[in-house]
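Per my numbering, the sequence shown starts with residue 8, numbered consecutively. Built from N, CA and C at the ideal position, the CB exists for glycine as well. Notes to accompany the following structure.
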Amino acid sequence: MKDEEKTKEQLIQELAALRHSRSLLETVVLEQQHAQEALRQQTQQQQLVAEIAQRIRQSLNLEEVLNTTVSEVQQFLSAQRVFIYRFQPDWSGVAIIESVDCGWSSIQGQKITDTFFADPLRRELYQKGRIQAIEDIYTAGLSPCHVNLLAQLQVRANLVVPIIQGEQLWGLLVANQCSQPRKWQQLEIDLLEQLATQLAIALQQSMLFAQLQIELTERKQAEEKIREQAALLDIATDAIVVRDLENKILFWNKSAERIYGYSSEEALGKDAAELLYKDTSAKLTEALHQVKHIGCWCGELTKVDKNGTEVIIESRWTLVRDEQGNPKSILTVGTDITQKKQLEAQFLRAQRLESLGTLAGGIAHDLNNILAPMLMSAQLLQMRITEKQNQQLLQTIVTNAQRGAALVKQVLSFTRGVETKRAILQLRHLILEIEQFAKQTFPKSIELRQDIAPDLWTVFGDATQLHQVLMNLVINARDAMPYGGVLSIRAENFFVDETYARMNIEATVGPYIVITIKDTGIGMPPEILDRIFEPFFTTKEVGKGTGLGLSTVLGIVKSHGGFINVTSTVEQGTQFQVFLKAVLENQKQPTKNLELPAGNGELILVVDDEAEIRTITKIMLETYNYKVITASDGIEAMALYAQHRNEISVVLIDIMMPTMDGLTTIRALQKMNPLVKIIASSGIEENKHLTQASGVKTFLSKPYTVKQLLQTIQTILIVNC
8 MKDEEKTKEQ LIQELAALRH SRSLLETVVL EQQHAQEALR QQTQQQQLVA
58 EIAQRIRQSL NLEEVLNTTV SEVQQFLSAQ RVFIYRFQPD WSGVAIIESV
108 DCGWSSIQGQ KITDTFFADP LRRELYQKGR IQAIEDIYTA GLSPCHVNLL
158 AQLQVRANLV VPIIQGEQLW GLLVANQCSQ PRKWQQLEID LLEQLATQLA
208 IALQQSMLFA QLQIELTERK QAEEKIREQA ALLDIATDAI VVRDLENKIL
258 FWNKSAERIY GYSSEEALGK DAAELLYKDT SAKLTEALHQ VKHIGCWCGE
308 LTKVDKNGTE VIIESRWTLV RDEQGNPKSI LTVGTDITQK KQLEAQFLRA
358 QRLESLGTLA GGIAHDLNNI LAPMLMSAQL LQMRITEKQN QQLLQTIVTN
408 AQRGAALVKQ VLSFTRGVET KRAILQLRHL ILEIEQFAKQ TFPKSIELRQ
458 DIAPDLWTVF GDATQLHQVL MNLVINARDA MPYGGVLSIR AENFFVDETY
508 ARMNIEATVG PYIVITIKDT GIGMPPEILD RIFEPFFTTK EVGKGTGLGL
558 STVLGIVKSH GGFINVTSTV EQGTQFQVFL KAVLENQKQP TKNLELPAGN
608 GELILVVDDE AEIRTITKIM LETYNYKVIT ASDGIEAMAL YAQHRNEISV
658 VLIDIMMPTM DGLTTIRALQ KMNPLVKIIA SSGIEENKHL TQASGVKTFL
708 SKPYTVKQLL QTIQTILIVN C
């Protein structure tokens, strides 16, 4: 009996153990099912994020990406509404994209004002990535107004993730459960957070694409505008001005702005005579009378630009009539021929000096024949007449005859009529002598500076005459600085190549020594500078100069196969550059090709309105392994640069050009490419400051040599390469 009871008890225990094991097994199976479900959901989540990321990379259509995202998120979460909320500048917002189940209100396009985001401190929470997951709006401790807002939108459970673009809060990715409370799972929260990041990428991508589209559109519009302007400016390189019969300006084109310096705003409505003329000349009155009565007039007029500088204009005037044939206005087309006139004046001046030299030479020889017997006769009479009063009269004759002979000698020197003894000279010694003389005799208020090249070449010349040249120039420099200043003397070797010779009519190809004497004195205006080499012309007081000093200097320098360049600015000083032919016997000849830096096939854009300069520069650069394209004005340069922007390494541009000047072109090129490398070039040294103000630090003075150009290009290519 006891055994039966024991067996029954054992069976009960074994049955309980089996039930417990079954329960444990069911728990394990259930946990495995949950784990499998979680893994499945996680896999689906990762797959969804990957698909959306792939879609973002492949599509530039932002609206399509956003629509697909909210639709697939709603399906994945089984949420009753998913939408994207975009903030406005006042921190209200609009539901811009939505996916919602049937039976629930659509809020797409609806403006929603949530006072929560009016507070900067609260906004900052979302700015830092805060995620709000609300299971039930009625038990989440929200403010009454916030609960009312959500209730109006039919929201019961709310999941909100911020969308951050860059560092700014752009909007929100929101999932709603409308029918009942819902506990948002961490997997669901992670999904929205990952998708918000992907949406931020899509927004950034869309913004960059939109900016690119705008830039491309603007560039196309700019290029079209440039082409239109180029077409117009090609036929309007002259100043075109229209004025009414009362002389008031009605139209003022870009070339008028360039030539006269006034903008259209400054010129329109102004009296043309008051704006462009110093006074009403008889020629201007005649032109107005003729155009009104005959209908046209042409001729040359001297006008003044905005800076008061005279410009010579070749003008064509035409009377414009209305439909009834009554005079309405006057059309004037003006060509700036100032430079042409200056070049003509230069040739005329050279011819005049040559004629004066020939005349003076003939007179000088005759004067020598007259003075010689006068001087000898007076000296002979001095020996025969002992009376004191007569001796004084005879001495007066002798003294003045000797003065006349000295003047004749100067005139003959100017006309190269005096035979001189010449030899190979090292000018270093002459310059040091002049410097020593100046130190001993010039006022202490004048600071002397000297710079002589250590390997200075020699010249074949007359030491006395060249000493006279240097002495005359330094004394003139001293006289130009009555209150002190700086007098500098520099000597250097200089090889004149074909390019330089083309730009300077007095230069020939070959080696020269350049002696530069520069002062910081009172300077000279153009009308004085134009006449300084004329015989007997002087600005000094009576008795302080014969007017033969610089004439003699010019004659001596020319007789030595040289030439002189002079620049001067009032109140800033004057610079004389004396070029003397060098002798290279027993000296190392300058090698032109081997010593000069060559290119590596870089493309150079050469912009110059002078065809000869463009041609010789192109030939020169191509000789040294550069590729070259050329433009005759700024408009053509811009078009070529736009076409070859990625290939052009350097732009060499002349500052003084018609149509569009160099400075305007430089600014336009810098807008097209802020990193463009530009070499500005001009024969006017003052333009260097203007180009530097425009951000161009590299300046090449005209005329330049092959060596100067190649070294400048090499330098600018190396910098920032």
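- The three-state reading of DSSP puts residue 500 in strand, counting E and B together.
- Between residue 407 and the set 395, 381 and 153, the nearest pair of CA atoms involves 381.
- For the pair residue 150 and residue 157, the Cα-to-Cα distance works out to about 11 Å.
- Only residues of its own chain outside the window of five on either side were considered, and among them 92, 93, 95, 116, 117, 118 and 119 have a CB closer than 8 Å to the CB of residue 101, listed in chain order.
- Just so you know, the alpha carbons of residue 520 and residue 460 end up roughly 10 Å apart.
- 7 Å or more divides the Cβ of residue 311 from the Cβ of residue 277.
- For residue 271, the uninterrupted alpha helix (DSSP H) segment begins and ends at 271 to 274.
- Of the residues assessed, residue 283 falls on the buried side of the cut-off, its CB having 16 or more other CB atoms within 10 angstroms.
- The alpha-carbon separation between residue 83 and residue 68 amounts to approximately 23 Å.
- In this structure, the alpha-carbon of residue 187 lies about 8 Å from that of residue 143.
- Its chain contains 304 as the residues whose beta carbon lies nearer than 6 Å to that of residue 297, once the 5 sequence neighbours on both sides are disregarded; these appear in chain order.
- Bounds of the beta strand (DSSP E) holding residue 454 are 453 to 459.
- DSSP, read as helix, strand or coil, puts residue 297 in helix.
- Sequence-distant Cβ neighbours of residue 723 in its own chain, meaning closer than 7 Å and more than five residues away, are 657, 684, 686 and 705.
- The bridge partners DSSP lists for residue 140 are 166.
- Using a Cβ distance threshold of 7 Å, residue 636 and residue 612 count as a contacting pair.
- Apart from the 5 residues on each side of it in sequence, residue 619 sits with its Cβ closer than 8 Å to the Cβ of 509 in its chain, given in chain order.
- Among the bridge pairs identified by DSSP, residue 343 is matched with 320.
- With distances taken between CA atoms, residue 666 lies nearest to 639 out of 659, 639 and 651.
- A Cβ-Cβ separation of about 7 Å places residue 341 in contact with residue 321 under the 8 Å criterion.
- DSSP places residue 439 in the helix class (H, G or I) of the three-state scheme.
- Within the same chain, no residue comes within 6 Å of residue 475 by CB-CB distance, once the 5 residues on both sides are set aside.
- Unbroken alpha helix (DSSP H) stretches of 4 residues or longer found wholly inside the segment 58 to 104: 69 to 84, given in chain order.
- Counting of Cβ neighbours within 10 angstroms places residue 70 among the exposed residues, the total staying below 16.
- Within the segment 627 to 697, the beta strand (DSSP E) runs of at least 3 residues that lie entirely inside it are, in chain order, 634 to 638, 655 to 661 and 685 to 689.
- In the DSSP annotation of this structure, the continuous segment of the alpha helix (DSSP H) that includes residue 722 starts and ends at 713 to 725.
- In this structure residue 257 touches residue 336 by the C-beta definition: roughly 6 Å separates them, less than 8 Å.
- Residue range 261 to 267 is occupied by the alpha helix (DSSP H) that includes residue 262.
- At a Cβ-Cβ threshold of 7 Å, residue 524 and residue 496 count as neighbours.
- When DSSP states are grouped into helix, strand and coil, residue 533 belongs to the helix group.
- Annotated as proximal: residue 431 and residue 465, with beta-carbon spacing under 7 Å.
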